[in-house]
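Quick notes on the structure that follows.
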Amino acid sequence: MCGFVGMVGDRDVAPVLVVGLQAIQHRGQDAAGLGTKDGTRFHCVKDLGLIGQAIPPDAVPRMAGRAGIAHVRYPTAGSVSTAEDAQPFVTRRPGILLAHNGNVTNLPELADQLREQGTTVLSQCDAESILLVLAHELAALRPAGHTCDDLVSAVRRVFARVRGAYSVVAVLDVDGKESLVAFRDPHGIRPGVYGTDGAGQWMAASESVALDVTGFRKVDDLPPGEIVVMRSGEEPLRIPVAPASPRPCIFERIYFARPDSIMEDGRVNRMRWILGRAVARRWAAKGLEADVVVAVPDTSRPAAMAIAEELGIKNREGFIKNRYTGRTFIMPDAASRTAALRLKLNPIREIFEGRRVILVDDSIVRGTTMRRIVEMLRELHPAAIHLISFAPAVRHPCYYGIDMPSHDELVAAAWPKDEVEERLAAQLGVDSLTYLSLPALRKVAGDAICDACFSGEYVVPVSAEERAAILRDRRA
Ligand code: SF4
């Protein structure tokens with residue numbers, strides 16, 4: 018998972034890009050970068066760490082350029098991150114600045130193809146491969162002076178050669194004009210939006226919150242299978258390249274995205290609320306009783322409120338969160354996730370002591386975080402802990418950009434489907450566990466989604482060889 022913000026305008030874009038990027042820091046905490054195009058020159062600064070560490074504030078005013086890209090990275094390709102793996106990436110021939118969000122599933126195949134074409138991939142980041150393929154396809158048409166038709170042909174070739182899930186932003190000259198180009202794979206698995214400030218400047222971003230905080234207004238989602246070409250002072254060009262078959266990631270709306278984001282024309286907060294109501298009905302049908310509903314902060318709050326409302330039970334804040342530690346799920350190794358959790362959540366004794374508590378979480382992936390939370394809560398002697406996940410059981414790996422690549426790491430994959438609630442409740446030490454059902458999720462979100470981590474129905478086929486390579490990479 019990663020986040021990008023791209024902009025083209027009539028003044029230096031770097032300061033605005035950094036503000037927009039801060040709104041999506043939750044999408045990646047491993048590395049960050051900023052690149053601008055200043056006439057024929059590119060400026061780029063990137064490093065490991067949070068935005069403030071990777072992009073020194075004093076570097077920003079020196080980065081001239083009326084088009085640029087900022088990026089936060091959470092690695093899904095490349096197990097040991099280095100500053101070279103941070104995005105954006107630049108090519109010289111032709112001059113392109115590029116970043117993406119997603120996961121390319123056929124990286125070894127692309128590396129072989131590129132090697133045969135005389136190009137070596139230097140980093141472990143899949144964005145570099147997308148950039149090199151795009152650059153190669155453009156250069157094959159002509160060395161410079163690329164037109165919009167060239168771009169369409171080159172992106173068509175990218176769609177044919179690059180498999181997986183990717184939302185891409187790039188800055189390059191097209192038709193002799195400085196252009197911000199965005200394209201999204203035909204399934205639109207990873208999110209992306211574009212918008213305007215109403216005065217001729219354009220922005221593309223992973224989430225609409227980046228537009229909100231910079232005074233831009235969302236125009237639309239980046240259309241799957243299309244290119245959007247944005248230029249200062251002009252209306253954007255939307256060019257279909259491949260037949261679209263939208264299947265956006267539902268886990269974005271359950272877990273990753275900020276609740277104030279608008280994604281695929283729906284408010285993330287509202288989706289979490291409706292899923293909360295749906296799972297509350299399933300919980301009530303079990304004939305259980307409780308005194309209080311408590312969210313595991315922050316993602317679960319809207320669902321917890323909805324569950325409380327549906328069941329007619331009080332909703333209370335039960336945890337104080339230390340906001341100065343990282344998000345545990347997206348820290349890259351198990352040891353740092355465990356240490357971070359101890360620092361991060363402190364329960365409020367009187368909320369739990371002697372009470373029958375419904376604890377609400379977005380999902381249970383590895384189960385390690387929840388086990389530790391339950392251990393912490395048992396010390397406060399609640400009368401009962403009923404755990405609700407407002408997502409279905411995560412039983413299958415994600416190959417499209419979320420860090421859960423192997424069955425062994427998925428705690429709910431250990432048992433047959435109809436035994437998961439009971440067996441996992443016992444393992445986690447809770448009195449009951451209730452998941453949202455997959456049919457209930459599809460009833461709310463529709464069938465045109467990616468829900469492969471719940472259903473095992475993969476939108477983009479991933480061969481056994483590709484799965485093994487992804488797994489090897491994560492375990493290296
Ligand atoms: S498999 Fe799950 S996490 Fe991955 S893209 Fe699909 S819905 Fe999202």
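Residue numbers for the sequence shown follow this note's numbering, so the first one is 18 and each next one is one higher.
Here a beta-carbon is modelled for each residue, glycine too, at the ideal position from N, C-alpha and C.
A quick note: this is a predicted structure, and the numbers were derived from the prediction, not measured.
A straight-line Cα-Cα distance of about 51 angstroms links I390 and E252.
Non-local beta-carbon contacts of V382 in its own chain, meaning distances under 8 angstroms to residues more than five positions away in sequence, involve F346, V411, M421, E426, L427, V428 in chain order. The residues L115, H117, V121, V175, V179, Y183, V185, in chain order, have a CB closer than 8 angstroms to that of I147 in the same chain once the five nearest residues on each side in sequence are set aside. Judged by beta-carbon spacing, A87 lies beyond the 8 angstroms limit of G45, meaning their Cβ atoms are not closer than that value. When the alpha-carbon of V191 is set against those of V245, G283, A128, the nearest one is in V245.
Between I41 and V226, the gap from beta carbon to beta carbon is short of 8 angstroms. Residue burial annotation: P433 is exposed, with fewer than 16 other C-beta atoms found within 10 angstroms of its C-beta. Cβ contact annotation for D214 (same chain, cutoff 7 angstroms, sequence separation greater than five): G232, F233, in chain order. Per DSSP, reduced to three states, the secondary structure at Y341 is coil, with no helix or strand assignment.
Apart from sequence neighbours up to five positions away, the residues of its chain that approach F106 with a beta-carbon distance below 6 angstroms are L115, A144, E145, L148, ordered along the chain. For Y417, the Cβ falls inside the 7 angstroms cut-off from some heavy atom of the ligand SF4.
Three or more pairs of CB atoms, one per stretch, sit closer than 8 angstroms, so the stretch 326 to 338 contacts the stretch 296 to 310. Counting C-beta atoms within 10 angstroms of its own C-beta, G418 has 16 or more neighbours from the protein chains shown and is therefore classed as buried. In chain order, A307, D308, A400, A401 place their CB closer than 6 angstroms to the CB of R373, counting only its own chain and leaving out the 5 sequence neighbours on each side. Contact between the stretch 253 to 261 and the stretch 449 to 469 is absent: fewer than 3 CB-CB pairs across the two stretches fall below 8 angstroms. If you draw a 10 Å sphere on the C-beta of G119, you find 16 or more other C-beta atoms in it, and that means buried. Around the Cβ of K235, a 10 Å sphere holds 16 or more other Cβ atoms; the residue is buried. F273 has its alpha-carbon roughly 16 angstroms from the corresponding atom of V210. Between the C-alpha atoms of L397 and I365 there is a straight-line separation of about 9 angstroms. Note on geometry: alpha-carbon atoms of P240 and G212 lie some 13 angstroms from one another. Relative to R201, the option among P260, H153, A156 whose CA is nearest is P260. A429 has its CB no nearer than 7 angstroms to any heavy atom of the ligand SF4. Excluding its 5 nearest sequence neighbours in each direction, C266 has C-beta neighbours in its own chain below 6 angstroms: I206, C467, listed in chain order. By DSSP's assignment, L65 forms a beta bridge with A48. Non-local C-beta neighbours of S317 in its own chain, meaning closer than 8 angstroms and more than five positions away in sequence, comprise R289, V377, D378, D379, F407, ordered along the chain. In the three-state DSSP reduction, T122 falls in the coil class, being neither helix nor strand.
Of the other Cβ atoms in all chains shown, 16 or more fall within 10 Å of the Cβ of P409; this residue is therefore buried.
Boundaries of the alpha helix (DSSP H) around L455: 455 to 462.
Shown here, T57 sits in coil according to DSSP, grouped into three states, outside any helix or strand. Excluding its 5 nearest sequence neighbours in each direction, L127 has C-beta neighbours in its own chain below 6 angstroms: S146, listed in chain order.
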